[in-house]
Each structure stands twice: as structure tokens, then as C-alpha cells.
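Top line first, the protein sequences correspond to chains E and Z.
If you read the first sequence in the UniProt record's numbering, its first letter stands for residue 1, the second for the next number, and so on.
If you read the second sequence in the UniProt record's numbering, its first letter stands for residue 1, the second for the next number, and so on.
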Amino acid sequence: MTTTSVGPRKPTRPSADSGGSQRIVRRRGRGDLRVALIFVAPALVGFVLFYLVPTIRGIYLSFTDYSILGNPVWVGVKNYVKIFQDKLFWNSMGVTLEYVLLNIVVQTVVALGLALLMYHVAKSTVIRGILLLPYLVANVIVALLWFWMLDYQIGIVNQMLQWLGIPKVAFFGNEFWAIPTIAFVNVWRHMGYTALLLFAGLQAIPGHLYEVANLDGASKWQTFWKITMPLLRPVLLLVLVVTVTGSFQIFDTVAVTTQGGPINASRVIQYYIYQRAFTQQDFGYGSALSVILFIILGVVAFLQMKFLRGNENDLA
Amino acid sequence: MTTFAPASRRATGRRPLNWGRIATWAALILAIIVTLGPFLWMLRTALSNNHSLATHSGDLLPADFTWGGFARVLGLQSTAQAQAEGGSGASISFWQYLLNSVIVSTLITASQVFFSALAAYAFARLQWKGRNKVFALFLGTLLVPGIFTALPNFLLIKNMGLLNTYLGIALPTMLMTPFAVFFLRQFFLGMSREVEEAAMLDGAKHGRIFFQIVIPNAVGPLATLCLLTFIAAWNDYFWPLLVGNAPAVRVLTVGLGVFKSQSPQGAPDWSGLMAATLISALPILLLFIAFGKKIVNSIGFSGIK
Numbered sequence: 001m002t003t004t005s006v007g008p009r010k011p012t013r014p015s016a017d018s019g020g021s022q023r024i025v026r027r028r029g030r031g032d033l034r035v036a037l038i039f040v041a042p043a044l045v046g047f048v049l050f051y052l053v054p055t056i057r058g059i060y061l062s063f064t065d066y067s068i069l070g071n072p073v074w075v076g077v078k079n080y081v082k083i084f085q086d087k088l089f090w091n092s093m094g095v096t097l098e099y100v101l102l103n104i105v106v107q108t109v110v111a112l113g114l115a116l117l118m119y120h121v122a123k124s125t126v127i128r129g130i131l132l133l134p135y136l137v138a139n140v141i142v143a144l145l146w147f148w149m150l151d152y153q154i155g156i157v158n159q160m161l162q163w164l165g166i167p168k169v170a171f172f173g174n175e176f177w178a179i180p181t182i183a184f185v186n187v188w189r190h191m192g193y194t195a196l197l198l199f200a201g202l203q204a205i206p207g208h209l210y211e212v213a214n215l216d217g218a219s220k221w222q223t224f225w226k227i228t229m230p231l232l233r234p235v236l237l238l239v240l241v242v243t244v245t246g247s248f249q250i251f252d253t254v255a256v257t258t259q260g261g262p263i264n265a266s267r268v269i270q271y272y273i274y275q276r277a278f279t280q281q282d283f284g285y286g287s288a289l290s291v292i293l294f295i296i297l298g299v300v301a302f303l304q305m306k307f308l309r310g311n312e313n314d315l316a
Numbered sequence: 001m002t003t004f005a006p007a008s009r010r011a012t013g014r015r016p017l018n019w020g021r022i023a024t025w026a027a028l029i030l031a032i033i034v035t036l037g038p039f040l041w042m043l044r045t046a047l048s049n050n051h052s053l054a055t056h057s058g059d060l061l062p063a064d065f066t067w068g069g070f071a072r073v074l075g076l077q078s079t080a081q082a083q084a085e086g087g088s089g090a091s092i093s094f095w096q097y098l099l100n101s102v103i104v105s106t107l108i109t110a111s112q113v114f115f116s117a118l119a120a121y122a123f124a125r126l127q128w129k130g131r132n133k134v135f136a137l138f139l140g141t142l143l144v145p146g147i148f149t150a151l152p153n154f155l156l157i158k159n160m161g162l163l164n165t166y167l168g169i170a171l172p173t174m175l176m177t178p179f180a181v182f183f184l185r186q187f188f189l190g191m192s193r194e195v196e197e198a199a200m201l202d203g204a205k206h207g208r209i210f211f212q213i214v215i216p217n218a219v220g221p222l223a224t225l226c227l228l229t230f231i232a233a234w235n236d237y238f239w240p241l242l243v244g245n246a247p248a249v250r251v252l253t254v255g256l257g258v259f260k261s262q263s264p265q266g267a268p269d270w271s272g273l274m275a276a277t278l279i280s281a282l283p284i285l286l287l288f289i290a291f292g293k294k295i296v297n298s299i300g301f302s303g304i305k
């Protein structure tokens with residue numbers, strides 16, 4: 001959690017939580033438990049009802065047969081056994097992985113490029129704001145906008161392809177292109193946001209390191225790989241965790257555009273969970289699927305922490 | 001930190017015509033065009049006659065300019081007129097959805113920020129047993145994916161009889177989100193304690209200190225959190241789709257999805273649809289124009305989300 005405040009403003013002052021109130025508490029001779037309970041009660045109720053209990057209940061439901069109408073019936077690991085034999089599940093995992101990989105690689109590279117551009121060419125808030133704009137608009141709106149622009153018949157993108165003499169592409173309607181298209185749409189929405197996070201990280205790198213490298217005659221390329229990248233690692237890790245976690249949960253774009261098709265080409269895992277739980281009323285199976293997704297995300301976050309050594313900063 | 005100019009900038013300063021510099025500016029301008037272009041295309045389509053879009057698919061200006069798309073969406077056009085301009089005849093209760101979005105987003109924002117502020121104060125300023133453990137538990141749930149809690153939460157809202165009510169859509173995020181509590185706690189920790197201590201010595205109670213000292217001093221971060229919460233609530237699709245798909249409570253995002261799926265496959269009402277998306281995005285665009293700098297500056301911090 002030490003990498004959380006990457007912004008230029010650091011709201012946390014490590015030394016702030018000392019001194020003052022402790023003195024007063026000592027003077028009064030007791031804690032503030034009663035007052036604290038009143039202050040924390042509403043949030044605690046919300047937390048227990050909508051975060052803590054659902055987490056436990058979700059795990060419980062994954063071991064049951066439950067069609068919403070009746071009562072959950074305990075079936076042990078039956079759902080999990082079924083999942084491993086479920087072709088649609090494996091297909092959805094494959095599709096999701098393809099999406100996640102495409103999304104992360106393209107988004108990180110594009111965002112890093114944008115962050116470097118912002119840092120070296122234009123630090124203006126206006127430009128940063130413009131690049132952030134797509135991120136502030138709803139997924140549904142972004143999806144509909146690109147659904148129109150990428151329309152096979154009269155979409156502007158296919159129009160442009162024709163001007164360039166390239167044959168038209170049925171972006172959302174083609175089994176091969178559906179996932180890359182959805183990945184592209186989300187890269188477009190998120191690139192400014194990710195770039196801003198990386199930009200904040202770049203700003204935190206002390207300028208004198210570049211001065212020294214410059215005096216030593218290091219090339220820009222060397223400076224980038226020897227100074228910028230290593231020092232950017234904590235922020236890069238944060239960005240990766242946020243992006244991976246987010247992209248595994250892609251839903252809105254798929255729901256509005258392809259609805260999993262053509263055939264099964266874009267049925268990502270969250271859309272599959274949604275279909276099993278809400279369209280087919282199979283809540284137990286849907287819960288088991290979401291437990292698997294939960295575990296995958298946990299493992300991914302753990303691996304990223306381990307391999308990228310994100311909590312270590314080379315400055316320290 | 002920023003007083004040191006990056007090395008590359010120094011180097012380029014000496015050479016007036018530098019291809020690298022031109023290339024970087026070109027890349028930046030391209031990025032801005034790619035970012036803003038689609039929004040302009042949205043506007044251009046919304047102002048076009050739907051029938052003319054097919055024959056003028058490459059025109060940069062609106063094809064056969066008309067306000068009809070907006071009029072259609074807002075229910076100001078007669079059916080005959082709508083069909084003459086390529087409307088599908090599918091209607092969308094846009095005003096109702098707009099009102100629903102306003103109600104739900106405002107309800108979530110006001111109460112989530114208020115209750116999270118109360119809790120954040122207890123975590124930042126009050127001394128109580130178990131404080132750090134409870135806070136760690138709060139933070140731990142940041143890692144739980146949304147879909148995971150969405151299924152049981154749906155059951156809970158259903159059992160409470162709150163399906164297709166405003167409260168059902170708002171309730172799970174009304175009392176807190178781990179992020180909101182974390183965000184405000186960080187700011188409260190950084191605030192000076194001197195005024196609070198003086199007030200305490202004068203015999204002020206925590207309630208008074210919270211409302212008369214902490215809140216007025218944290219207007220900035222509270223406003224930032226309000227912005228982020230409102231935008232997130234306004235844009236949310238998955239949860240309102242699950243618990244609020246009935247027309248009476250349907251929010252804009254869900255309504256747009258319905259509007260799209262209602263339009264005929266062969267000849268969708270693109271100009272109507274783009275007019276609808278534009279109006280749906282309008283509150284966010286206005287917030288962006290008014291508070292863009294605040295939003296931009298808060299992103300580095302809110303990266304934890």
C-alpha cells in the first residue's frame with residue numbers, strides 16, 4: 001500500500017499521526033470507543049452487509065445448487081468439477097486471456113508513450129485533461145460510439161479504410177476481430193487515465209539523476225532504460241495491477257456491442273457469469289465461476305508483487 | 001522537483017529545427033485528435049438526418065443538418081416526423097431515465113461521502129481498540145472483484161424486496177466504499193490538529209469538532225471525492241442492469257443499452273442514438289469543463305481504485 005499516493009500532491013504525512021491527540025487522550029485517560037462506534041456505525045453496517053457477508057455468502061453459494069426460486073442445496077464441489085469439464089468456461093477463459101493480454105500490452109505501451117510525451121513536451125493540465133476525457137464517459141457510451149464508428153456499412157473507420165484502398169472489416173461481427181476490437185475500444189477509453197498515473201510517477205523521479213546521466217554522456221535510450229524504467233517500477237506495478245484487475249472484469253462493452261458473439265468469440269468470463277446466473281438462473285454455478293475469477297485475480301496480484309518487486313523502490 | 005528541466009529539453013533547446021521534437025509534437029497532436037475526434041463524430045452524427053447518413057458516410061459536416069435526432073430522443077418529435085428522418089419509431093423515455101440517473105447518482109454521492117467521512121474521522125482521529133484491524137479489513141475488500149459481491153448482493157436486495165427501486169440501486173454503495181473511507185482518512189491524517197486540540201481544550205465534543213472544524217477544512221478533498229463518486233455512479237451499468245431494469249427506475253446507461261437493442265438491425269437510428277449518448281454524457285462533460293483540473297490532479301492519488 002506504500003505505492004498508493006503517486007500524485008504530485010502527497011496527502012499523507014507519515015509523521016502526522018503522533019503527538020497531539022495522544023496527549024489529550026492520556027489527559028482524559030481513556031479511548032473514544034463510544035464516540036468512535038457512533039461515527040463508524042453506518043459505514044460498518046454498509047461494509048458488513050454489502051462487502052463482508054456477500055464475500056462469505058458467495059463462497060458458500062458456489063458449493064450449492066441454487067436457482068433463485070428455491071433454496072440453495074449443498075452439493076459440495078460439484079459445480080467446480082462441472083466447470084473443469086465445461087467447454088464454454090474454457091472458451092471464455094481463453095477469450096478473456098486474449099483480451100487481457102491485448103489490452104494490457106497495448107494500453108501500457110501507448111500510455112507510457114503518452115506519459116513521456118506529456119512529461120517532455122507539454123505538461124499542461126489542459127492536454128492531460130483532454131486525454132483523460134474518454135475515461136470519464138460511461139463505458140456504455142464509449143461502446144455505442146465505437147459501435148457506430150466501426151459499423152461495417154457506413155461507419156467512418158471503414159470509410160477511411162476504403163479511402164486507403166484497404167478492404168472493409170466487420171469489426172464487431174467477425175470472430176477473429178471481435179476481441180481485438182473490444183480491446184482497442186477500451187484502450188482508447190483508458191489510455192489517458194493510465195498515462196496520467198505514469199506521468200505522476202515520472203514527475204516523482206528526481207531531476208538531478210538525469211543531469212548526472214547527461215554529464216556522464218548517457219544516451220537518451222540508456223537514460224530511459226537505466227533511470228526512468230527502474231524508478232518507474234512501483235508506479236508501473238500499480239498500473240499493471242489496476243489494469244489487469246479491471247480488464248479481467250470487462251463486461252459493459254461486450255454487453256452493449258457483441259453480447260458474446262459472433263458464436264462464442266467474445267463471451268468473456270464476466271459475461272459468462274452474468275449469463276449463467278441471471279439468464280439461466282443458475283446462481284450456484286455462477287458463484288463458483290466468480291470464485292474462480294476471484295482466485296485468478298488474487299494469484300495475478302500476488303505474482304505481480306513478487307516478480308516486479310513493486311514495493312521496493314530503487315531510490316530507497 | 002520540477003525545477004530541474006529534463007535533460008532532453010535542454011538538449012533540444014539549442015537546436016531550433018529538431019526532427020525529434022517535431023515528431024513528438026506530431027505524436028501528441030495525433031493523440032489529441034484520436035481522443036477528441038470520436039466526440040466530434042458523435043456530435044456530427046447527432047446533427048445529421050438519419051436517412052442521409054448512408055449516402056454521406058464520409059462527410060465531415062452533418063449530413064443534411066437537423067436537430068431531429070435530439071428532438072426525437074427528448075420526445076419532441078411526432079412519429080411521422082421521426083420516421084421521415086429515419087427514426088425507428090422505438091421510443092425511449094429519456095426524461096424519465098435522466099431523472100432516474102440524477103436521483104440515484106445524487107443519493108449515492110451525498111450519502112456515501114457523508115458516511116465515509118464520519119468513518120474516516122473515526123479512523124484518523126479517534127482512539128479506539130480494534131481501529132487498525134477494522135481499517136485493514138476495510139482495505140482488504142478493495143481486492144474483492146465487483147462481480148463477486150454482485151451476485152450475493154443481488155440476492156440480498158431481492159430478499160429485502162428492493163428490486164427495481166431507487167434504494168435498491170443505491171444501497172450497496174450508499175453507506176461506504178472502502179475507497180472513499182481510505183481516500184478521506186488519508187486527508188484527515190494530513191490535516192493540522194492544532195485547531196481541533198484548542199477546541200477540545202475548550203470542551204468541544206467530537207460531533208462539533210467534526211462538523212465545525214474538520215468538514216470546513218476538508219472542503220477540497222470532499223469535493224474531489226463527490227466528483228469521483230458522482231461520475232462513477234452516473235456511469236455504472238452492471239449493477240443498475242441487475243437490480244433496476246424496470247422502465248420506472250432505469251438509469252441512462254441501462255436505457256441506452258435498451259435503446260440500442262430495440263433499434264432494428266438493418267437500419268439503426270444512428271443519429272438518434274448519438275444524440276442520446278451525447279445528452280447522457282453531458283453532465284459529465286459539464287463537470288469536466290468546470291472541474292477538469294481538480295479531476296486531473298486527483299487521478300494520481302486515486303490510482304488505488
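Note that beta-carbon positions come from the ideal geometry of N, C-alpha and C, so glycine has one too.
In this structure, residue 253/Z keeps its C-beta atom at 9 Å or more from the C-beta atom of residue 254/E. At a cut-off of 9 Å, the C-beta of residue 94/Z has no neighbouring C-beta in chain E. Note on geometry: alpha-carbon atoms of residue 218/Z and residue 90/E lie some 49 Å from one another. The C-beta of residue 222/E has fewer than 16 other C-beta atoms within 10 Å across all chains shown, which makes the residue exposed. Within the stretch 152-183 of chain E, the residues whose Cβ lies closer than 9 Å to some Cβ of chain Z are 153, 154, 155, 156, 158, 159, 160, 162 and 163, listed in chain order.
Your pair residue 221/Z and residue 50/E does not check out as a contact, with CB atoms roughly 24 Å apart and the cut at 8 Å. Below the 9 Å Cβ cutoff, chain E contributes no neighbours of residue 70/Z, its closest Cβ being approximately 16 Å away. When only Cα atoms are considered, residue 78/Z and residue 94/Z end up about 15 Å apart.
Not a single CB atom of chain Z sits nearer than 9 Å to the CB of residue 263/E. Boundaries of the alpha helix (DSSP H) harbouring residue 252/E: 252-256, taken from the DSSP string. For the pair residue 136/Z and residue 53/Z, the Cα-to-Cα distance works out to about 55 Å.
Between the beta-carbon of residue 96/E and that of residue 239/E there is about 20 Å, and that puts the pair past the 8 Å contact cut. Using a Cβ distance threshold of 9 Å, residue 240/Z and residue 104/Z count as a contacting pair. For residue 132/E, a Cβ of chain Z is located within less than 9 Å of the residue's own Cβ. Against chain E, the CB of residue 206/Z has a partner CB under 9 Å away; the residue lies at that interface.
Here residue 186/Z is buried: its Cβ has 16 or more other Cβ atoms, across all protein chains shown, within 10 Å.
Restricting attention to beta strand (DSSP E) runs no shorter than 3 residues, the stretch 195-270 of chain Z encloses none.
When secondary structure is reduced to three states using DSSP, residue 146/E falls in the helix class. When DSSP reads this structure, residue 74/E sits in a beta bridge with 64/E.
Bounds of any alpha helix (DSSP H) do not take in residue 124/E, whose DSSP letter is neither H nor E. In this model, residue 165/Z and residue 107/Z are separated by some 12 Å (Cα to Cα). From the beta-carbon of residue 231/Z, the residues of chain E found nearer than 7 Å are 136. Closest by C-alpha distance to residue 177/Z, out of 110/Z, 51/Z and 128/Z, is 110/Z. Residue 32/E reaches chain Z at 122, 125, 126, 127, 128 and 206, counting residues in chain order whose Cβ is nearer than 9 Å. Its chain contains 231 as the residues whose beta carbon lies nearer than 6 Å to that of residue 205/E, once the 5 sequence neighbours on both sides are disregarded; these appear in chain order. Runs of alpha helix (DSSP H) with 4 or more residues, each lying fully within the stretch 14-48 of chain Z, are found at 19-46, listed in chain order. Its chain contains 111, 114, 115, 118 and 131 as the residues whose beta carbon lies nearer than 7 Å to that of residue 195/E, once the 5 sequence neighbours on both sides are disregarded; these appear in chain order. C-alpha of residue 82/Z to C-alpha of residue 167/E: approximately 34 Å in a straight line.
Residue range 33-47 is occupied by the alpha helix (DSSP H) that includes residue 40/E.
Residue 41/Z holds the alpha-carbon nearest to the alpha-carbon of residue 274/Z among 29/Z, 35/Z, 24/Z and 41/Z. Think of a sphere of 8 Å around the beta carbon of residue 91/E: no beta carbon from chain Z falls inside it, the nearest being about 18 Å out. Comparing C-alpha distances from residue 39/E to each of 225/Z, 112/Z, 120/Z and 212/Z shows the shortest one belongs to 120/Z. Per DSSP, the continuous alpha helix (DSSP H) segment holding residue 191/E begins and ends at 178-203. Taken atom to atom, the span from the alpha-carbon of residue 197/Z to that of residue 92/Z is near 56 Å.
Taken in chain order, the whole beta strand (DSSP E) runs of length 3 or more contained in the stretch 196-245 of chain E number zero.
Look at the beta carbons and you see the stretch 225-245 of chain Z not touching the stretch 198-214 of chain Z: under three pairs across the two are nearer than 8 Å.
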